[in-house]
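Undergrad: Structure provided below as structure tokens; questions to follow.
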Amino acid sequence: HREGKQFRPTELGVMINDMLIQQFPTLFSESFTASMEEDLDQIAEGGVEWQDMLTSFYSQLSGQIETAKEHMQDLKKDGMPTDYKCEECGSDMVVKWGRNGQFLACTNYPDCKNTKEVRIDVMGKITVEEPEKVEKPCPECGSELMVKRGRFGKFLACTNYPDCSGTERWATSMAFVHLKNARLTDN
Numbered sequence: 091h092r093e094g095k096q097f098r099p100t101e102l103g104v105m106i107n108d109m110l111i112q113q114f115p116t117l118f119s120e121s122f123t124a125s126m127e128e129d130l131d132q133i134a135e136g137g138v139e140w141q142d143m144l145t146s147f148y149s150q151l152s153g154q155i156e157t158a159k160e161h162m163q164d165l166k167k168d169g170m171p172t173d174y175k176c177e178e179c180g181s182d183m184v185v186k187w188g189r190n191g192q193f194l195a196c197t198n199y200p201d202c203k204n205t206k207e208v209r210i211d212v213m214g215k216i217t218v219e220e221p222e223k224v225e226k227p228c229p230e231c232g233s234e235l236m237v238k239r240g241r242f243g244k245f246l247a248c249t250n251y252p253d254c255s256g257t258e259r260w261a262t263s264m265a266f267v268h269l270k271n272a273r274l275t276d277n
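Sequential numbering of the sequence shown, starting at 91, is according to the working numbering.
Take a look at the structure:
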């Protein structure tokens with residue numbers, strides 16, 4: 091991700107990089123790069139046929155890929171272990187990655203659907219982000235609404251989820267909150 095003008099690796103990126111280096115040590119070594127450059131020079135000079143070099147390279151790589159498939163952890167499915175416990179059922183919680191970024195999820199899913207929004211800094215420290223509540227009732231059940239983050243940006247969702255699936259668009263809801271706050275300060 092980007093911080094100002096600099097790119098910084100995400101925790102997921104660092105974990106994947108470490109797993110790739112562990113599973114494909116020769117591919118990430120300096121000696122492999124040097125050897126590959128020599129082979130490419132020989133191809134350019136006509137000393138080696140590119141098909142022969144590619145066949146040799148692929149035969150080694152395909153075996154490593156099969157080994158990696160058997161041994162590499164599936165971060166998307168399993169998640170990254172944490173010290174957090176689910177306050178609803180007591181199970182462990184793991185960091186998972188979805189289309190809206192990372193989040194904590196209960197390992198007892200689908201029996202427990204508890205999730206939490208989190209932020210992971212470049213040092214790997216996990217911070218749970220408590221949802222911001224707004225003083226506006228849910229259009230479905232009248233409970234409080236809270237700010238959530240979705241694939242289209244922020245929106246308001248009912249705090250009574252999953253029993254109530256009431257939501258509101260962010261722009262419309264925030265206009266209401268600002269108008270209400272303006273009226274409170276006018277008195």
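Built from N, CA and C at the ideal position, the CB exists for glycine as well.
#1: Ignoring anything shorter than 4 residues, give me the alpha helix (DSSP H) runs that lie fully in the stretch 150-181, in order along the chain.
#2: What's the gap between the Cα of THR257 and the Cα of GLY232?
#3: Go to THR123, then tell me how far its alpha helix (DSSP H) extends in each direction, as first and last residue.
#4: With H, G and I counted as helix, E and B as strand and the rest as coil, what does DSSP make of GLU101?
#5: Is the beta carbon of CYS248 closer than 8 Å to that of GLU225?
#6: Compare the Cα-Cα distances from CYS179 to each of GLY188, TYR199, GLY169 and report the closest residue.
#7: Measuring straight from C-alpha to C-alpha, what distance separates ALA246 and TRP260?
#8: Helix, strand or coil for PHE147 per DSSP?
#9: Reducing DSSP to helix, strand and coil, say where LEU235 ends up.
#10: Taking its Cβ as the centre, do 16 or more other Cβ atoms sit within 10 Å of LEU235, making it buried, or is it exposed?
#11: Rounded to the nearest angstrom, how far is the Cβ of PRO252 from that of LYS203, given a contact under 8 Å?
#12: Kindly indicate which residue of TYR148, GLY136, GLU222, ARG239 has the alpha-carbon position closest to the one of GLY188.
#13: Give every residue of the same chain whose Cβ lies closer than 8 Å to the Cβ of GLN113, excluding the five residues on either side of it in the sequence, and list them in chain order.
TA: With the given structure in hand:
#1: 165-168
#2: 11 Å
#3: 120-135
#4: Under the three-state reduction of DSSP, GLU101 is assigned to helix.
#5: At a Cβ-Cβ threshold of 8 Å, GLU225 and CYS248 do not count as neighbours.
#6: TYR199
#7: At residue 246 the sequence reads Leu, which differs from the Ala that was named. Rounded to whole angstroms, LEU246 to TRP260 spans 6 Å at the Cα level.
#8: helix
#9: strand
#10: buried
#11: With a beta-carbon spacing of about 6 Å, PRO252 and LYS203 fall inside the 8 Å limit used to define contacts.
#12: ARG239
#13: GLN154, THR157, ALA158, HIS161, MET162
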